[in-house]
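Trainee:
Residue numbers (our numbering), protein chains in the order written: chain A, 791 to 976; chain B, 232 to 574.
What follows is the structure, encoded as structure tokens:
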């Protein structure tokens, strides 16, 4: 089947990519746009590694055809922040240990960013519900939930003009406090 | 990485264009809506076609008006539709337990109704299927679940929306080369795991219509699955009732994912109209629903266990309808998935 030129709008830039009809958006982003931050895991929609934002909503790029994505506004992990600094969600994942091997992390981060744009102060249950389609085989999820919670807190502080808590201070104490509460509960 | 087979992708802008494209493909095509089921099957090499017709760009299939839900409405859109969930609250839990949040962003209502039947022999890689011996549904001579069956496929119906729409009395509207037709959804599903429904291949699901009197039904959908997100049902029960005081004035029951189609249990439901919804009556209904459900080994868990869990889910559904605070137990959590762990 011949290739077709498709125009993809990714992270505010426009890419012209030659794709076959059966090429997925994940493939076009990685091979066509050179945006390899989007990972391909199961390639069957079960792991969420390939999550990107389409019109602000998290979408599985492994189950989206590239030709269908023409004219959509797409955000990938590369577009979250400039080259010099991390997005608060990425920062929180690093701070809280929400990433180990790191392969699933771009998917988790994109899902979390979409959640925090909709709901600036999600509860832990809401966070768990939002990331239910993303799989991590390393962390056991607790630190990921911690990270999303911390990111939400940091972003709210920044929006309010307050200085975000520095690494290892207020929020780490909060996380430690929760762990102690959980331990006491057992 | 899973490789999709080569196909031609057509992107019509109207229902008529889509039907014309389908006629031009001489039966060798598939419609693509959200793609979350079809593309997985294509990646597995299951019954692929040389032409794929995307319905994603047809505006007429989108949108909701009262109880009328367009076939192209995504499950995520429905999940965020506060007015719809207010009118039909049973969908809040149904959608919460349907696939994963990521799948729901692109998966559509019609796509979930028409989700292909599934089977532990079928939903494997092409290599694995060939090694196991192909089955009746895909390139093989006989069903691997029920040995010797050469004319009946036992693959499991695995959609979640259909049973709920059915107990609410919804109708389905199809558009095809001969125009539109509307029928009760409960008459839509027929046949084995290959035939599945009465829809002709060229026909498109335009909408699902829930009657306005369904707003006064008390309804519940109880789903049992292995993974608490993403997973297809190992079994499920949908129930709806209209109560007259403490007596059942109307009762509608569907046992789901225990057969090739969602089982419309009208005889069981009619038998119990007029009964009070007390514990003894509930146990009688539970026994009847279990008796009518005959799961086979097409899914991960053993049929005997799934049949037992049909009873558990029926009991929970009826207790939720009765208004028991702890009836649904979950949300999102399941009893143990091992035999003996359920209560």
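Cβ coordinates follow ideal geometry from the N, Cα and C atoms, glycine included.
First and last residue of the beta strand (DSSP E) that includes residue 487 of chain B?
Mentor: 478 to 487
Trainee: Identify the continuous beta strand (DSSP E) that holds residue 451 of chain B and give its terminal residues.
Mentor: 449 to 455
Trainee: Under 8 Å, CB to CB, which of the residues in the stretch 457 to 490 of chain B have a partner in chain A?
Mentor: 459, 460 and 461
Trainee: Suppose the cutoff is 6 Å on Cβ atoms and the five residues either side in sequence are ignored; what does the same chain contact list for residue 394 of chain B look like?
Mentor: 469, 485, 487 and 493
Trainee: Opposite residue 438 of chain B in the DSSP bridges: which residues?
Mentor: According to DSSP, residue pairing for residue 438 of chain B in a beta bridge involves B:301 and B:404.
Trainee: Give me the Cα-Cα distance between residue 998 of chain A and residue 894 of chain A, rounded to the nearest whole angstrom.
Mentor: Residue 998 of chain A falls outside the range modelled here, since chain A spans only 791 to 976, and no answer is possible.
Trainee: Is the beta carbon of residue 233 of chain B closer than 8 Å to that of residue 833 of chain A?
Mentor: yes
Trainee: Could you round the C-beta distance between residue 300 of chain B and residue 439 of chain B to whole angstroms and report it? I think they count as a contact, below 8 Å.
Mentor: 5 Å
Trainee: May I ask you to report which of helix, strand or coil DSSP gives residue 861 of chain A?
Mentor: coil
Trainee: Using beta-carbon positions only, say whether residue 289 of chain B and residue 241 of chain B come within less than 8 Å of one another.
Mentor: no
Trainee: Can you find a C-beta in chain B that's less than 8 Å from the C-beta of residue 867 of chain A?
Mentor: no
Trainee: In terms of residues, what are the limits of the alpha helix (DSSP H) holding residue 281 of chain B?
Mentor: Careful: residue 281 of chain B lies outside any alpha helix (DSSP H) and carries neither H nor E.
Trainee: Do residue 262 of chain B and residue 236 of chain B count as a contact pair if the criterion is CB distance below 8 Å?
Mentor: no
Trainee: When the Cα atoms are used, what is the spatial distance from residue 489 of chain B to residue 936 of chain A?
Mentor: 39 Å
Trainee: In terms of alpha-carbon separation, which member of B:264, B:499 and B:508 lies closest to residue 478 of chain B?
Mentor: B:508
Trainee: Does any C-beta atom of chain A lie closer than 8 Å to the C-beta of residue 253 of chain B?
Mentor: no
Trainee: Closest to residue 373 of chain B by C-alpha separation, out of B:279, B:333, B:425 and B:409, would be which residue?
Mentor: B:425
Trainee: Per DSSP, what kind of secondary structure is residue 387 of chain B in: helix, strand or coil?
Mentor: For residue 387 of chain B, the three-state secondary structure derived from DSSP is strand.
Trainee: Since I believe residue 389 of chain B is in contact with residue 922 of chain A (beta carbons under 8 Å), could you give me their beta-carbon distance rounded to a whole number of angstroms?
Mentor: Incorrect: roughly 18 Å between the Cβ atoms, too far for contact.
Trainee: Whole angstroms is fine: what's the gap from residue 252 of chain B's alpha carbon to residue 340 of chain B's?
Mentor: 22 Å
Trainee: With a CB to CB cut of under 8 Å and the five nearest residues on each side skipped, what residues in its chain are close to residue 407 of chain B?
Mentor: 250, 431, 433, 434 and 435
Trainee: Which residues in chain B have a C-beta closer than 7 Å to the C-beta of residue 791 of chain A? List them in chain order.
Mentor: 237 and 239
Trainee: Closer than 7 Å between beta carbons: that is the criterion. Which residues of the stretch 264 to 278 of chain B meet it against chain A?
Mentor: 266, 267, 270, 271 and 274
Trainee: Rounded to the nearest angstrom, what separates residue 942 of chain A and residue 271 of chain B at their Cα positions?
Mentor: 34 Å
Trainee: In three-state terms, what does DSSP make of residue 558 of chain B?
Mentor: coil
Trainee: Report the neighbours of residue 232 of chain B on chain A: residues whose CB is nearer than 7 Å to its CB, in chain order.
Mentor: The contacting residues are 830 and 833.
Trainee: Cβ of residue 333 of chain B less than 8 Å from any chain A Cβ?
Mentor: Judged by the 8 Å Cβ criterion, residue 333 of chain B is in contact with chain A.
Trainee: Note down, in chain order, every chain B residue with its Cβ under 7 Å from the Cβ of residue 838 of chain A.
Mentor: 333
Trainee: Which stretch, first to last residue, makes up the beta strand (DSSP E) that contains residue 799 of chain A?
Mentor: 794 to 800
Trainee: Does the count of Cβ pairs from the stretch 916 to 931 of chain A and the stretch 885 to 893 of chain A closer than 8 Å reach three?
Mentor: Yes, the stretch 916 to 931 of chain A is in contact with the stretch 885 to 893 of chain A.
Trainee: Expressed to the nearest angstrom, what Euclidean distance is found between the alpha-carbon atoms of residue 607 of chain B and residue 862 of chain A?
Mentor: The structure shown does not extend to residue 607 of chain B, since chain B spans only 232 to 574, so no value can be given for it.
Trainee: Assign residue 550 of chain B to buried or exposed, taking buried as 16 or more other Cβ atoms, counted over all protein chains shown, within 10 Å of its Cβ.
Mentor: buried
Trainee: In the DSSP assignment, find the unbroken beta strand (DSSP E) run with residue 355 of chain B in it and report its ends.
Mentor: Looking at the DSSP string, residue 355 of chain B is not in any beta strand (DSSP E), and its letter there is neither H nor E.
Trainee: Under a Cβ-count criterion, where at least 16 other Cβ atoms within 10 Å of its own Cβ denotes burial, should residue 416 of chain B be classed as buried or exposed?
Mentor: buried
Trainee: Can you grab the Cα-Cα spacing for the pair residue 860 of chain A / residue 818 of chain A, in whole Å?
Mentor: One C-alpha to the other measures close to 11 Å.
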